[in-house]
Amino acid sequence: MPLETLTTIPELRERLLPARRAGKSVGLVPTMGYLHRGHAALVDRARADNDVVVTSVFVNPLQFGPNEDFARYPRDLDADRRLLAAHGADIVFAPSVEEMYPRPIVTHVEVESLSGRMEGERRPGHFRGVATVVGKLFNIAQPDRAYFGEKDYQQLQVIRRMVADLSFPLEIVGVPTVRDVDGVALSSRNVYLSPAERAAAPVLGRSLAAAADAIAAGAVDPRDIEAAIRGVLAAEPLAEPDLVAVAAADTLEPVDPKAPPPAIALMIAVRIGHTRLIDQRVVAVP
Ligand code: AMP
């Protein structure tokens with residue numbers, strides 16, 4: 001079946017209704033487009049699990065702050081369609097902003113506590129925008145399963161909590177981060193990097209590896225773990241740490257060294273030039 005491109009909510013609902021009535025399962029992969037092998041891993045997983053695979057491509061203005069890159073966020077729907085066809089997606093849902101938000105949206109999904117901390121403190125309103133658009137996409141596509149990357153680890157936990165709290169009838173599947181050969185997490189924003197900046201980017205993964213080594217060697221105090229990350233980042237002159245967060249992997253609560261969790265999530269955001277890159281790693285506590 002060739003890839004279908006749908007741009008309106010009624011079209012997508014009409015297309016999915018007979019499939020759902022026939023008892024077919026629907027998998028949804030929400031994205032902002034400019035797709036790469038990281039997104040492809042989500043599509044592959046959705047393809048393996050479901051009868052019908054829908055990928056949404058929508059750069060969601062709600063989740064961008066006033067000084068962020070909404071206007072210049074990279075877009076290339078033709079290239080996205082080629083990648084999605086090659087990975088066997090059935091439908092790309094690519095609505096306009098007017099289709100999704102025909103009037104100013106006044107109803108939001110706020111996942112309290114989880115949304116305001118760490119990345120949420122750096123980007124106020126970001127997770128509210130994410131949860132709102134993802135909840136809306138869930139209502140539009142009514143998927144049986146939806147796929148999210150672990151790269152955006154806090155986002156994954158916010159969505160899991162939203163689904164549990166509001167009883168959305170679907171399963172959330174987390175997919176491990178896909179990396180380039182030098183360890184840099186694939187990201188649509190990597191195109192912003194100059195060659196020198198791209199050469200500096202592996203420092204993110206190296207800093208997480210140093211923290212993982214420290215945890216393996218017995219470190220459980222979040223200050224020590226954070227210091228291991230910051231020590232590696234400090235050696236790269238082009239890297240400016242914006243967020244270094246250490247939290248219990250399942251709850252994202254602060255790590256108590258006297259009662260360490262079974263696994264620790266490391267989440268970082270680093271500015272390299274004008275580009276803000278993020279990376280993440282979950283490390284089991286020995
Ligand atoms: P985005 O288009 O950046 O909003 O990402 C759409 C989805 O793809 C999110 O669930 C991301 O976590 C996921 N994703 C982005 N980059 C990667 C990657 N390198 N590996 C795995 N998943 C990714």
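For the sequence shown, the UniProt record's numbering assigns the number 1 to the initial residue and increments by one for each residue that follows.
Where a beta carbon is used, it is the ideal one built from N, C-alpha and C, also for glycine.
Arg37: CB within 8 Å of a non-hydrogen atom of ligand 1: Remark: the shortest separation between the CB of Arg37 and any heavy atom of ligand 1 falls under 8 Å.
Beta-carbon proximity list for Leu252, same chain, < 8 Å, skipping 5 on both sides: Taken in chain order, the residues that qualify are Leu114, Arg117, Met118, Gln154, Gln157, Ala265.
CB contact flag (Leu83, Leu42, <9 Å): With contacts defined as CB atoms closer than 9 Å, Leu83 and Leu42 fail to qualify as a contacting pair.
Which listed residue (Val163, Leu193, Asp144, Val203) has its alpha carbon closest to that of Lys24: Minimum Cα distance to Lys24 is reached at Asp144.
Extent of the continuous alpha helix (DSSP H) run through Tyr153: Looking at the DSSP string, the run of the alpha helix (DSSP H) that includes Tyr153 is 153 to 165.
9 Å Cβ cutoff met for Gly27 and Ala46: Cβ atoms of Gly27 and Ala46: closer than 9 Å.
Supposed contact pair Ala200 and Ala239 - C-beta distance, whole angstroms, cut 8 Å: Between Ala239 and Ala200, the beta carbon gap of about 6 Å places them in contact (Cβ cut-off 8 Å).
Proximity winner among Glu99, Pro95, Glu4, relative to Val52 (alpha-carbon distances): When the alpha-carbon of Val52 is set against those of Glu99, Pro95, Glu4, the nearest one is in Glu4.
Residue range of the alpha helix (DSSP H) that includes Arg230: Membership of Arg230 in the alpha helix (DSSP H) is indicated by the continuous run 222 to 234.
Counted within 10 angstroms of its Cβ, other Cβ atoms place Glu226 as buried (16 or more) or exposed: Burial call: buried.
Backbone CA spacing between Val191 and Leu137 [nearest angstrom]: Within the model, the alpha-carbon separation for Val191 versus Leu137 is close to 27 Å.
Distance cut-off 8 Å: Glu150 Cβ against heavy atoms of ligand 1: Judged by the Cβ position, Glu150 qualifies as a neighbour of ligand 1 at the 8 Å threshold, a heavy atom of the ligand being closer than this.
Given Arg72 as reference, the closest of Glu112, Asp80, Val59, Asp78 once Cα atoms are compared: Relative to Arg72, the option among Glu112, Asp80, Val59, Asp78 whose CA is nearest is Val59.
Given 8 Å, three or more beta-carbon pairs between the region 54 to 70 and the region 79 to 99: Taking a cut-off of 8 Å for Cβ pairs, the region 54 to 70 and the region 79 to 99 touch, as three or more such pairs fall below it.
8 Å CB neighbourhood of Leu6 in its chain, flanking five on each side removed: Excluding sequence positions up to five before and after Leu6, its CB lies within less than 8 Å of the CB of Leu12, Arg15, Ile91, Val92, Phe93, Ala94, all in the same chain and listed in chain order.
Nearest residue (CA-CA) to Ala131, options Val163, Met267, Ala19: Among Val163, Met267, Ala19, the Cα nearest to that of Ala131 is on Val163.
Neighbour-count burial assignment, Gly65, 16 or more Cβ in a 10 Å radius: That one is exposed.
Ile159 vs Val134 beta-carbon contact at 9 Å: Result yes, Cβ atoms of Ile159 and Val134 sit closer than 9 Å.
Outcome for Glu236 when other beta-carbon atoms lying within 10 angstroms are tallied against a minimum of 16: Glu236 is buried by the Cβ-count criterion.
Helix, strand or coil at Tyr73 [DSSP, three-state]: Coil.
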